[in-house]
Amino acid sequence: MITLPPRLEALAQLVLPGRVVADIGTDHAHIPIYLIQSGKSPQAIATDVHDGPYKIARDKVQGCGLQDKIDVRKGDGLRPLKAGEAQVAILAGMGGITIRDILCQSSPVAACLEQLLLQPMTAPEEVRRWLAENGWKLDKECMIKEDEKYYQIISAAKGSQ
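Whatever position you read off the sequence shown (first residue = 1), add 42 for our numbering.
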């Protein structure tokens with residue numbers, strides 16, 4: 043089974059069990075692979091807007107023999123998803139403004155999600171503001187130390203603050 047660094051492990055542990063997960067900006071598809079291998083998620087979607095990470099993710103998923111469980115897609119933000127296709131979305135390792143913009147640009151998809159797992163590298167206040175203004179409540183938060191850096195992780199569920 044794939045081993046995740048602490049930051050990604052913390053995100054994976056917060057995923058609601060039995061849900062289809064979309065990892066947005068997946069890079070190497072480590073979280074979707076882990077979620078399938080651990081049995082926490084039955085299916086996953088891994089997306090990336092850039093050619094290099096998309097190809098790396100696709101090759102990694104195929105190398106693990108999980109192409110029937112993980113659909114790797116090239117596209118921007120939540121746009122590669124259809125509304126209702128996933129119940130959980132992970133947006134990690136990008137700036138808070140980028141996370142906010144992705145959620146704004148794909149509001150019909152975001153509106154169908156049960157859980158958002160967010161790890162903003164900057165501007166967490168922008169993420170929090172968007173959540174509050176769009177009917178999401180913070181249900182869990184944590185700080186993870188990895189390689190002498192601290193990372194904020196936010197889990198949000200549908201419902202008012």
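The beta-carbon is built from N, C-alpha and C at its ideal position, and this holds for glycine as well.
I need the straight-line Cα distance from residue i to residue j, nearest angstrom please.
i      : j      : result
Ser197 : Arg61  : 15 Å
Val151 : Gly126 : 7 Å
Val91  : Glu168 : 22 Å
Leu173 : Lys191 : 25 Å
Leu108 : Ile75  : 8 Å
Asp143 : Ala54  : 23 Å
Leu50  : Gly105 : 20 Å
Glu43  : Leu145 : Note that residue 43 is Met in the sequence shown here, rather than Glu. Their Cα atoms are separated by approximately 31 Å.
Would residue i and residue j be called neighbours here (beta carbons separated by less than 8 Å)?
i      : j      : result
Leu160 : Ile186 : no
Leu46  : His70  : no
Gly177 : Pro162 : no
Val130 : Val57  : yes
As a quick exercise: from the options, pick the residue whose alpha carbon is nearest that of residue i.
i      : options                       : result
Ala128 : Ala134, Glu190 and Ile112     : Ile112
Pro59  : Ala71, Leu77, Pro95 and Gly67 : Leu77
Gly201 : Ser83, Leu133 and Asp181      : Asp181
What are the uninterrupted segments assigned as alpha helix (DSSP H) that are 4 or more residues long and contained completely in the stretch 70-117, given in chain order? Complete alpha helix (DSSP H) runs here, min 4: 72-79 and 93-105.
Mind listing, in chain order, the continuous beta strand (DSSP E) runs of no fewer than 3 residues lying wholly within the stretch 159-200? 178-188 and 191-200
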